[in-house]
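Heads up: the sequence shown begins at 765 in the numbering used here, then just goes up one per residue.
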Amino acid sequence: MSTDLTLLGLESSCDDTAAAVVRGTPGNASVLSSVVQGQSDLHADFGGVVPEIAARAHAERLDTCVAQALDQSGLTLSDIDAIAVTAGPGLIGGVLSGVMCAKGLSAGTGLPLVGVNHLAGHALTPRLTDGIAFPYLMLLVSGGHCQFLLVRGPQDFSRLGGTIDDAPGEAFDKTARLLGLPQPGGPSVQKAAETGDPKRFPFPRPLLDRPGCDMSFSGLKTALLRTRDALVAEKTGLTEQDRADLCASFQAAVVDVLAEKTRRALDIYAAENPAEPVLAVAGGVAANTAIRARLETVSANAATRFTAPPLALCTDNAAMIAYAGLERFALGQTDDMTLVARPRWPLDRTSPAMLGSGKKGAKA
Ligand code: KG4
Ligand code: ZN
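So, in structure tokens, the structure goes:
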């Protein structure tokens, strides 16, 4: 039996400053504390995350976040075995703040430093929450990411496909903005959709006619904008029912695309002959009840277990970074003071990094 490892994790790649302590072994670890200080209030007036504001806030808050995480875990730095930090991908100023803070802590304590890919943090979360065995299929779907990953090992990821433009969370947020609903858009669009007719507006299901698991959501956004403008021009305004129908029709299109692409990804995954097939979802959009329900059906049809980590560990947090660091550290891998912050860092080294970056940062 291997000995427990205790890792402190730091996360600052987007608009959440976070620190956490995780203890255990690969596939059998628990979260001793997880502190997340969101910044949505700082960015609310700007309609998206402002990188410079985010970076300054991270630099100001990381040390108190770390102190809180240690305090809540009942531990001190002397109980920690290594310091894990998000080294990318993300908004570079924020990533730099975290890497510099972790380097400072490492230099001051002599503790080893472990650089972590933020996407690996998300992708390995089902091992932290449910001890899921490799290989499993992961759909990461949030405001900044959207991709299918075949997870074969702690550092063995194959990207089966993903968005070629916007992430679905961005499309939900934009939809809410266009319809005058509150941010974040996902929950408000989901709520409005409950009383809407999903068939009233036949929005496009992009890329379903093409093979593979790639997706596109920017055309859907434009279709919604055009339909809204046509309704407004026709009747000089939107009724509550129009709003509900637009939300329901938009959500139905996203659900259809994710369901069909997931079915295809599950087909590819089946070729791995997993002993106990698992589809795991993570990311803020995985909170959507309509999306969850359809993915559960698609998984059941493929005799695959469906799992979604609790929402607090699905969205950005530092427990996932501490845990991904634990997996690396258990393999004897550490970094030194040459660790660099990377704005782009694709998990799958065989797939080219995507060009362009959205309001929430790099879409690796
Ligand atoms: O993972 P997350 O907290 O942050 C990053 O994007 O990194 O995801 C936030 C995104 C937002 O775009 C938000 O609108 C979306 O997740 N979201 C939802 C729901 N709850 C949050 N989208 C659809 N339905 C929801 N219920
Ligand atoms: Zn994330």
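Just so you know, even glycine gets a beta-carbon here, dropped at the ideal spot from N, CA and C. Remember, predicted model here, so these are calculated numbers, not experimental data.
For residue 1131 and residue 907, I'd like the C-alpha separation in whole angstroms.
What is shown of the chain runs 765 to 1128, which leaves residue 1131 out entirely.
Considering only DSSP beta bridges, list what residue 820 is partnered with.
Answer by DSSP bridge pairing: none, since residue 820 is not bridged.
Got a sec: does ligand 2 put a non-hydrogen atom nearer than 7 Å to the Cβ of residue 1139?
The question about residue 1139 has no answer, for the chain in this structure spans 765 to 1128.
Which residue comes first and which comes last in the alpha helix (DSSP H) that contains residue 888?
Membership of residue 888 in the alpha helix (DSSP H) is indicated by the continuous run 882 to 894.
Note down, in chain order, each residue of its chain lying with its Cβ closer than 6 Å to the Cβ of residue 800, except the 5 sequence neighbours on either side.
These residues qualify, in order along the chain: 780, 782 and 1081.
Looking only at its chain, what residues have a beta carbon closer than 6 Å to the beta carbon of residue 919, apart from the 5 residues adjacent to it on each side?
none
At the level of alpha carbons, what is the spacing between residue 886 and residue 1078?
7 Å
Quick check: residue 954 and residue 1053, are their CB atoms within less than 8 Å of each other?
yes
Considering only residues of the same chain and omitting the five flanking positions on each side of residue 836, which have a CB-CB separation below 7 Å?
797 and 799
Leaving out the 5 sequence neighbours to the left and right, which residues in its chain are closer than 6 Å to residue 1045 when beta-carbon positions are compared?
903 and 1072
Is residue 882 near ligand 2, judged by its Cβ being under 7 Å from some heavy atom?
yes
Between the alpha carbons of residue 818 and residue 849, how many angstroms are there, rounded?
17 Å
Can you give me the Cβ contacts of residue 821 inside the same chain, cut-off strictly under 7 Å, excluding the 5 residues immediately before and after it?
781, 803 and 806.
Answer yes or no: do residue 971 and residue 991 have a C-beta to C-beta separation smaller than 8 Å?
no
For the segment 1085 to 1100 and the segment 1055 to 1072, state whether three or more C-beta atom pairs, one from each stretch, are separated by less than 8 Å.
no
Helix, strand or coil: which one does DSSP assign to residue 939?
helix
Among the residues of its own chain, which have a CB less than 8 Å from the CB of residue 1111, if the five just before and after it don't count?
881, 883, 884, 887, 913, 921, 923 and 1128
Quick check: residue 1103 and residue 863, are their CB atoms within less than 8 Å of each other?
In contact: residue 1103 and residue 863 (Cβ atoms closer than 8 Å).
Can you tell me the Cα-Cα spacing of residue 1125 and residue 812, whole angstroms?
Because the pLDDT of residue 1125 is 44, which lies under 50, any placement of that residue in the model is unreliable, and the question is left without a value.
Fully enclosed by the segment 998 to 1068, which beta strand (DSSP E) runs are 3 residues long or longer?
List check, beta strand (DSSP E) in window: 1042 to 1046.
Taking residue 1069 as the reference, which of 896, 1028, 786 and 1020 has the closest Cα?
896
May I have the straight-line CA-CA distance separating residue 855 from residue 981, to the nearest angstrom?
Cα to Cα, residue 855 sits roughly 22 Å from residue 981.
Is residue 797 near ligand 1, going by C-beta to nearest heavy atom under 7 Å?
no
For residue 986, which of 1099, 853, 929 and 909 has the nearest alpha-carbon?
929
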